[in-house]
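Protein sequence lines correspond, in order, to chains G and R.
All you need for this note's numbering is the position in the first sequence, starting with 1, plus 7.
All you need for this note's numbering is the position in the second sequence, starting with 1, plus 10.
Notes to accompany the following structure.
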Amino acid sequence: MEWYEVFRGIEGEVPAAVVEEEKAERAGLLGRLRRNLGKASGALRGALTTIVLGAAGEDVWEQVEEALIAADVGVDATLEIVDRLEVRAASRGLRTQEDLIAELATAVADELRVDDPDARRIDVTAHPAIILVVGVNGTGKTTTIGKLAWRLTQMGRRPLMVAADTFRAAAAEQLTEWAGRVGCDIVRQASGGDPAAVVYDGLAAAASRGADVVIIDTAGRLHTQVNLMKELEKVRRVIERQVPGAPHETLLVLDATTGQNGLRQAHEFQRAVQVSGVVLTKLDGTAKGGIVVAIHKDLGIPVKLIGVGEQLDDLRPFDPDEFTRALFAVDG
Amino acid sequence: MFDSLSDRLQGIVSELRGHGRLSDEDIDRAMREIRLALLEADVNFKVVRDFIAHVKERAKGAEVMESLTPAQQVVKVVHDELAALMGSSDSRLAFASKPPTIILMAGLQGSGKTTACAKLATFLKKDGKQPVLIAADVYRPAAIDQLVTLAGRVEVPVYAPGADVDPVRIARDGVRFAADRGDVAIIDTAGRLHIDEELMGELVRIRDAVKPHNVLLVVDAMTGQDAVNAADEFRQQVELDGVILTKLDGDARGGAALSVRAVTGKPIKFVSNGEKLADFEYFHPDRMASRILGMGDVLTLIEKAEATVDAKQAAAMEEKLRKASFTLDDMLDQLKQVRKMGPLSGILGMLPGVPGMKGLKDAQIDEKQLDRVEALILSMTPEERRHPEIIDGSRRQRIARGSGMKVQDVNGLLKQHREMQKLMKQLSSGRMPKLGFPGMGG
Numbered sequence: 008m009e010w011y012e013v014f015r016g017i018e019g020e021v022p023a024a025v026v027e028e029e030k031a032e033r034a035g036l037l038g039r040l041r042r043n044l045g046k047a048s049g050a051l052r053g054a055l056t057t058i059v060l061g062a063a064g065e066d067v068w069e070q071v072e073e074a075l076i077a078a079d080v081g082v083d084a085t086l087e088i089v090d091r092l093e094v095r096a097a098s099r100g101l102r103t104q105e106d107l108i109a110e111l112a113t114a115v116a117d118e119l120r121v122d123d124p125d126a127r128r129i130d131v132t133a134h135p136a137i138i139l140v141v142g143v144n145g146t147g148k149t150t151t152i153g154k155l156a157w158r159l160t161q162m163g164r165r166p167l168m169v170a171a172d173t174f175r176a177a178a179a180e181q182l183t184e185w186a187g188r189v190g191c192d193i194v195r196q197a198s199g200g201d202p203a204a205v206v207y208d209g210l211a212a213a214a215s216r217g218a219d220v221v222i223i224d225t226a227g228r229l230h231t232q233v234n235l236m237k238e239l240e241k242v243r244r245v246i247e248r249q250v251p252g253a254p255h256e257t258l259l260v261l262d263a264t265t266g267q268n269g270l271r272q273a274h275e276f277q278r279a280v281q282v283s284g285v286v287l288t289k290l291d292g293t294a295k296g297g298i299v300v301a302i303h304k305d306l307g308i309p310v311k312l313i314g315v316g317e318q319l320d321d322l323r324p325f326d327p328d329e330f331t332r333a334l335f336a337v338d339g
Numbered sequence: 011m012f013d014s015l016s017d018r019l020q021g022i023v024s025e026l027r028g029h030g031r032l033s034d035e036d037i038d039r040a041m042r043e044i045r046l047a048l049l050e051a052d053v054n055f056k057v058v059r060d061f062i063a064h065v066k067e068r069a070k071g072a073e074v075m076e077s078l079t080p081a082q083q084v085v086k087v088v089h090d091e092l093a094a095l096m097g098s099s100d101s102r103l104a105f106a107s108k109p110p111t112i113i114l115m116a117g118l119q120g121s122g123k124t125t126a127c128a129k130l131a132t133f134l135k136k137d138g139k140q141p142v143l144i145a146a147d148v149y150r151p152a153a154i155d156q157l158v159t160l161a162g163r164v165e166v167p168v169y170a171p172g173a174d175v176d177p178v179r180i181a182r183d184g185v186r187f188a189a190d191r192g193d194v195a196i197i198d199t200a201g202r203l204h205i206d207e208e209l210m211g212e213l214v215r216i217r218d219a220v221k222p223h224n225v226l227l228v229v230d231a232m233t234g235q236d237a238v239n240a241a242d243e244f245r246q247q248v249e250l251d252g253v254i255l256t257k258l259d260g261d262a263r264g265g266a267a268l269s270v271r272a273v274t275g276k277p278i279k280f281v282s283n284g285e286k287l288a289d290f291e292y293f294h295p296d297r298m299a300s301r302i303l304g305m306g307d308v309l310t311l312i313e314k315a316e317a318t319v320d321a322k323q324a325a326a327m328e329e330k331l332r333k334a335s336f337t338l339d340d341m342l343d344q345l346k347q348v349r350k351m352g353p354l355s356g357i358l359g360m361l362p363g364v365p366g367m368k369g370l371k372d373a374q375i376d377e378k379q380l381d382r383v384e385a386l387i388l389s390m391t392p393e394e395r396r397h398p399e400i401i402d403g404s405r406r407q408r409i410a411r412g413s414g415m416k417v418q419d420v421n422g423l424l425k426q427h428r429e430m431q432k433l434m435k436q437l438s439s440g441r442m443p444k445l446g447f448p449g450m451g452g
């Protein structure tokens, strides 16, 4: 998927030059992703060579299992994928190492597919479109908002940032810096205020300032903190009351280094504020973010965007095949 | 979706209860479950592999095989090994003989370094030290503002010359500043990816410039399998002295703690576990081991059983079992052993899986029923207790009167004893169904 396909509501507005640029950009990104993510795949290739050579047996599947576990896919999802892969490998008579690894990549990608392509897109058809951004502490919410706002301005939209993280020291300052880089408006209040009040102000300001997308930053909170989750529910209720049909997107920002707890996070945020998509950040490291497989499988929440670096353009559309091919270092 | 290890081992434990002793195969099965539990807790799979190999040896040793509660003993061995692995070295900070003591904080983005700096300062201040914060994260927007604000809350001095100054210089000048204003210098650095050569190089330069007494790696407790890669890289490049585990107030099992400990060989010194600045404490390996395994009171129960069950009595009982000479005295002994551990309902509640077990859930564990059994047996003559078959009608009436109960109660007890004897015979021949405690309803 390309950027010009990501936003519902901005179709057909992108010149051909931009499309070409995107394609080149993506090729570079894929290479980078592969370099980092593919590092651990060497061992897997060794293991699969053994299958092909016929010395197979349980050991080899155990190593495929470990490759998935090492990617944080989790025990349950791993066992299911390996079972299916064994059947497929047998029925299709897969012989070469490349075939098997490609099949593995496809099997994992299958877990991440959506039936309706719109389910993967970010809905900005409404004016203003309201995007609520949530997540636990330190996943990269504020940075993600900076990059998302920049992308929207590139595509001719007028985003407005709302600094509803009134808890963390200097969170509003951090978002203000991003707003400056992007060149968009921001609504903020003094630290320690009521986030719901900031949101209320922000939504009111959107109309007067002519913003067509409102992106709301919230404080990082552990999903186990009951009061803070209640506070978030209140923020959502305020949005719903003020703008019927909003929020149009509620994005959960998930750090790719997160392990099995990611599933719990998604579960709890889903329950509190109905998450519409996941943004998987920090994929520029060596972590693989495999927990999104379980999140998609168990909760039906699709991944919409990935974060691959600290630059403004380091936020990318998510594509399951691209992602898993990078994960298992498949060529092409 | 989130069964605890205790719940899962319960299946194996209840089967094991049948044959008392563990076979190698039983241990292998238990190890498989423990492997899965550790993987689900995010312990790195290579660390799990080594750990299981090591524990298996011990589990097959005499201490487990000859234990009264072999299945629980396996869990205990796993737990003890986990705790030992995570806490075998000192978790205190190194303090310089000539202040200031320099602490360099490092870690990935979003692990919680800045907050940990402020919490550590709060912790040290309470301990009578005079910490000074140094803002050397010049990359993240407003990171300096954040540290300055936090320093204000903790009420400690902060050195923050700004985002356009070289971090190495900030660190060096900051330490001098700290020498005048306090006795501990805590340097906050930018979050960086372990594969970012440029930023890792900068961290090395900061370390070389200030020669810290403690280099602490800040690790998010929710980290998955990748924790080992990051920790190992930081270890190689800047030589860590210890780890601070953050966000432990969530519900992550925190297997990263074990992974990081295993690859760095350095102790986890502190945990950060709440939104408040005071939510920061020394690391407790025991608690972490229980958390990773996802179990609560199993260990308490095992310890209770170990402390109260007399080993000699147990050996004598085993001898009797083998000879199938289980008298009413033995039944009384067994009863006393059980009761020494505390109220039955409490003990059952501690067993993994039992609180939710079908049947037992509704069964009333009647302590009074145990009193009655005890009274009945105590109303018998020693001869009667050794040879229950001599208890005829008139003896039954006497026992009933002596214990304040009815003849039917005496009959009930004798029947129960005969059934237990039968079980003992089956046990000595190697096949034993579930053995219930006498006097337990349901």
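Idealized CB from N, CA, C, for every residue including glycine.
Fair warning: this is a prediction, and the values are worked out from it, not measured in the lab.
Per the C-alpha coordinates, the member of G:Phe-14, G:Trp-10 and G:Gly-16 positioned closest to Glu-27 of chain G is G:Trp-10.
Under the 9 Å criterion on CB atoms, Gly-16 of chain G is classed as non-interfacial with respect to chain R.
In this structure, the straight-line span from the alpha carbon of Ile-400 of chain R to that of Glu-393 of chain R is close to 9 Å. Here Leu-143 of chain R really is in contact with Val-168 of chain R; their C-beta atoms are around 4 Å apart, less than 8 Å. In the DSSP assignment, Asn-268 of chain G falls outside any beta strand (DSSP E) and within the unbroken alpha helix (DSSP H) covering 268 to 280. Using a Cβ-Cβ cut-off of 9 Å, Leu-312 of chain G does not count as an interface residue toward chain R, since no Cβ of chain R sits closer than that to its own. For Pro-109 of chain R, the closest alpha carbon among the candidates R:Val-194, R:Gly-172, R:Val-53 and R:Ile-154 is that of R:Val-194.
In the same chain as Phe-55 of chain R, and ignoring 5 residues on each side of it, the C-beta atoms closer than 8 Å to its own belong to Leu-49 and Gln-235, in chain order. Rounded to whole angstroms, Glu-208 of chain R and Glu-72 of chain G show a C-alpha spacing of 34 Å. It is roughly 8 Å from the alpha-carbon of Gln-232 of chain G to the alpha-carbon of Gly-260 of chain R.
Within chain R, Gly-120, Ser-121, Gly-122 and Asp-230 have C-beta atoms less than 7 Å from the C-beta of Gly-145 of chain G, given in sequence order.
For Phe-335 of chain G, not one C-beta of chain R is nearer than 9 Å to its own C-beta. The Cβ-Cβ distance between Arg-127 of chain G and Gly-296 of chain G does not fall below 9 Å. With a contact defined as Cβ atoms closer than 8 Å, Ala-128 of chain R and Ala-153 of chain R miss out at about 12 Å.
Rounded to whole angstroms, the Cβ separation of Met-168 of chain G and Ile-193 of chain G is 4 Å, and the two are in contact under 8 Å. In terms of Cβ geometry, Asp-130 of chain G and Phe-14 of chain G form a close pair [threshold 9 Å]. For Leu-130 of chain R, not one C-beta of chain G is nearer than 9 Å to its own C-beta. Runs of the alpha helix (DSSP H) spanning 4 or more residues and lying entirely within the segment 164 to 234 of chain G occur at 178 to 189 and 202 to 216, in chain order. Across the set G:Val-140, G:Asp-328 and G:Thr-264, the C-alpha of G:Thr-264 shows the shortest separation from the C-alpha of Ala-237 of chain R. Taking a C-beta cut-off of 7 Å against chain R, the contacting residues of the segment 82 to 106 of chain G are Val-82, listed in chain order. For Val-94 of chain G, the enclosing alpha helix (DSSP H) starts and ends at 82 to 98. If you draw a straight line from the Cα of Ile-112 of chain R to the Cα of Ala-203 of chain G, it comes to about 41 Å.
In this structure, Ser-282 of chain R and Leu-258 of chain R form a Cβ contact; the two beta carbons are roughly 7 Å apart against a cut-off of 8 Å.
Around the CB of Ala-288 of chain R, fewer than 16 other CB atoms lie within 10 Å, so the residue is classed as exposed.
By the criterion of at least three beta-carbon pairs nearer than 8 Å, the segment 296 to 316 of chain G is in contact with the segment 253 to 270 of chain G.
Residues of chain R whose Cβ lies closer than 8 Å to the Cβ of Glu-184 of chain G are, in chain order, Pro-151 and Ala-152.
Contact with chain G is absent for Arg-271 of chain R, since none of that chain's Cβ atoms lies less than 9 Å from the residue's Cβ. Within chain G, the residues placing a beta-carbon under 7 Å from that of Leu-203 of chain R are Asp-291 and Gly-292, ordered along the chain. Look at Ser-282 of chain R here: in three-state DSSP terms it is strand.
Beta-bridge partners assigned by DSSP to Asp-230 of chain R: R:Thr-256. Across the set R:Gly-264, R:Ile-37 and R:Val-53, the C-alpha of R:Ile-37 shows the shortest separation from the C-alpha of Gly-71 of chain R. Think of a sphere of 7 Å around the beta carbon of Gln-318 of chain G: no beta carbon from chain R falls inside it, the nearest being about 12 Å out. For the options G:Arg-158, G:Thr-103, G:Leu-111 and G:Val-205, the alpha carbon positioned closest to that of Asp-90 of chain G is the one of G:Leu-111. With the criterion set as a beta carbon lying under 7 Å from some beta carbon of chain G, the members of the segment 46 to 58 of chain R are Leu-46, Leu-49, Glu-50, Asp-52 and Phe-55, in sequence order. In terms of beta-carbon proximity, Glu-180 of chain G lines the interface with chain R, with at least one pair separated by less than 9 Å.
For Glu-285 of chain R, the nearest beta carbon of chain G is closer than 9 Å to its own beta carbon.
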